[in-house]
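Asks: Please find one structure pasted underneath; my questions will follow.
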Amino acid sequence: MSDTLKRGLVLVCLVAIGLAGFIFIGDRENDHYLKFNPLVKLEIGYAKLPKTVTYNHGKSFNNQTTAPQFPDPYEDVEVVNQFGQVVKLTFKGGQSPNDKNYAKVSHKADFVKEIEFVSWDEIPSAYQLYMTH
10 MSDTLKRGLV LVCLVAIGLA GFIFIGDREN DHYLKFNPLV KLEIGYAKLP
60 KTVTYNHGKS FNNQTTAPQF PDPYEDVEVV NQFGQVVKLT FKGGQSPNDK
110 NYAKVSHKAD FVKEIEFVSW DEIPSAYQLY MTH
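As structure tokens, then:
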């Protein structure tokens, strides 16, 4: 076996060991791990959102200021899957539109990939059974 072939084989083995370590041994609570791990399934759930959100660490929105106002994240929101299982998630989303007080949440365990504001009528009936209107 040539030296180049041996080095290539060693490199392939090291990469395989590194990937296996990332997938099977990695910190399972880490958002980066959850985000990229193909073995963690992307799930869809629905959540009822509060009618108003706070800005800049608990303050109300102020129309009189020109200073930036950033919405606080939704914390410990109960997200229901189609089987009625509830997971509490924290995510950012801003103020929901008046007629869309619910969110369709795409998540991998605790990592929230995206949310979409929806109305009650847009939520499938399988999910509505486990939610309050």
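In the working numbering, the protein residues as written are 10 to 142.
Just so you know, even glycine gets a beta-carbon here, dropped at the ideal spot from N, CA and C.
1) If we cut at 7 Å on Cβ distances, does GLN91 have a partner in chain D?
2) Of all the options LYS15, LYS57 and PRO82, which has the alpha carbon lying nearest to the alpha carbon of GLU131?
3) What did DSSP end up calling SER69 once you bin it into helix, strand or coil?
4) Considering LYS15, what are the terminal residues of the alpha helix (DSSP H) in which it resides?
5) For TYR136, which of helix, strand or coil comes out of DSSP?
6) For VAL88, which of MET10, ILE53 and LYS122 has the nearest alpha-carbon?
7) For LYS44, does the count of other Cβ atoms within 10 angstroms reach 16, so buried, or fall short, so exposed?
Replies: Reading off the structure:
1) Among the chains in the structure shown there is no chain D, since it carries only a single protein chain.
2) LYS57
3) coil
4) 12 to 29
5) helix
6) ILE53
7) exposed
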